[in-house]
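Contents: one structure, followed by commentary.
Protein chains: 2
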Amino acid sequence: MKTTRNTTAKTTILEIIKHSDVALSHTEIQTLSNNICDRVTIYRVLDRLVGEDVIHKIVNLDGTIKYASCHHVHNDAEHTHNHIHFSCEKCHLVTCLENVEPTFKLPPNYQVKEVNFTLSGFCPNCL
Amino acid sequence: MKTTRNTTAKTTILEIIKHSDVALSHTEIQTLSNNICDRVTIYRVLDRLVGEDVIHKIVNLDGTIKYASCHHVHNDAEHTHNHIHFSCEKCHLVTCLENVEPTFKLPPNYQVKEVNFTLSGFCPNCL
DNA sequence: AAATAAAACGCAACTGTGTTGCATTAATAA
DNA sequence: TTATTAATGCAACACAGTTGCGTTTTATTT
């Protein structure tokens, strides 16, 4: 089986994401890491971290992808990241509103595996 | 002021989107239109149609962008496309679940302008 | 502590999506 | 019919993400 290893690149990138209170894009991570490793390595590390369920992917309204750490309660069931993300049009920061979980009623026979809820507008700081 | 014109490209593209029961990407539209016009023109026509509020943009979970026609009831207030989109992992079709409007309660002082709700998993046809 | 296996990396090259500038064409109004 | 300018085509560019491959590094085994 394929095991995963702890490398300096992985550790650094995870620290950056964990210490950020907003979701970060690949490019932002690259800048914040002071080019500690190759562009490609960042992509591969991010994929690994998502696979290990340590961070999660957020699709922004313009199609750009951001990453944020998962500080969810690791209870029994397999969890989903079904909270809302807010993307501010002015400061361009993407924040996880961890406590806001929308409710909805699907028609029968839909099996949901992944979820992405993103709002955009003005955040409290920019209003 | 800047007026908008009806061209064959615009008409064709709008017809394609209107007659499709799933959301379409730029590339899919290009294929369906039998290369009636340049790649770039399609991008510009789509932008125009979104601006005219005839079609709307959907951001898929992989970051790809799709377009679907707006058959919303044109009531008084300015509307938002706050229905859920479902992206099937098997057949890769994206459908608008027009009747499914999620409810959620935001913290104070957030001003929402745009909304994107996308689920992925298996649609009824692929279950 | 040294040897080993393979996970992770760097580099270069490539692909796909979306954008921009500019000269030309065509839709609408006069 | 003519004039105005929106819309188009083309070429070139920008950027995000991917792939292949040879090299380095991690972590396990001897």
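Chains Y and E, in that order, are what the protein sequence lines are. Per the working numbering, the first sequence starts with residue 1, numbered consecutively. Per the working numbering, the second sequence starts with residue 1001, numbered consecutively. We put the beta carbon where it would ideally sit given N, CA and C, even for glycine.
Bounding residues of the alpha helix (DSSP H) (the contiguous stretch that carries residue i)
i: LYS10(Y); result: 8–19
i: GLY1121(E); result: Where GLY1121(E) is concerned, there is no enclosing alpha helix (DSSP H), although the beta strand (DSSP E) it sits in stretches over 1111–1122.
i: THR1095(E); result: Note, THR1095(E): premise wrong, no alpha helix (DSSP H); beta strand (DSSP E) at 1094–1097.
Nonlocal neighbours in the same chain, by C-beta distance under 8 Å from residue i, ignoring five residues either side
i: VAL50(Y); result: HIS56, LYS57 and TYR67
i: VAL100(Y); result: HIS83 and ILE84
i: LEU119(Y); result: ILE84, HIS85, PHE86 and SER87
i: ALA1077(E); result: Any reading at ALA1077(E) must be qualified, since the residue scores a pLDDT of 49, below 50, and its modelled position is unreliable; the value itself is stated next. For ALA1077(E), where only same-chain residues beyond five positions count, there are no Cβ hits under 8 Å.
i: ASP1053(E); result: CYS1070
i: CYS1123(E); result: PHE1086, CYS1088, LYS1090, CYS1091, LEU1093 and THR1095
Anticipated Cβ contact below 8 Å, residue i with residue j, distance rounded
i: THR1064(E); j: SER1025(E); result: 6 Å
i: THR1012(E); j: SER1033(E); result: 6 Å
i: LEU1014(E); j: GLN111(Y); result: The Cβ separation is near 33 Å, so there is no contact.
Residue i burial status per 10 Å Cβ neighbour count (16 or more: buried)
i: LYS113(Y); result: exposed
i: ASN1060(E); result: buried
i: LYS1010(E); result: buried
Cut-off 7 Å between Cβ atoms - residues of its own chain near residue i, not counting five sequence neighbours on either side
i: PRO102(Y); result: ILE84 and PHE117
i: CYS1096(E); result: ALA1023, ALA1068, HIS1083 and HIS1085
Close beta carbons around residue i, own chain, < 6 Å, minus the five adjacent residues each side
i: SER69(Y); result: ILE17, LYS18 and ILE55
i: GLU98(Y); result: HIS83
The beta strand (DSSP E) enclosing residue i, as first and last residue numbers
i: HIS56(Y); result: 55–59
Open item on the list: Does the segment 1103–1112 of chain E come into contact with the segment 1083–1091 of chain E, if we say contact requires no fewer than three beta-carbon pairs (one atom in each stretch) closer than 8 Å?
Closed with: no
Open item on the list: Using a Cβ distance threshold of 8 Å, determine whether the segment 1030–1045 of chain E contacts the segment 33–45 of chain Y, with at least three qualifying pairs required.
Closed with: no
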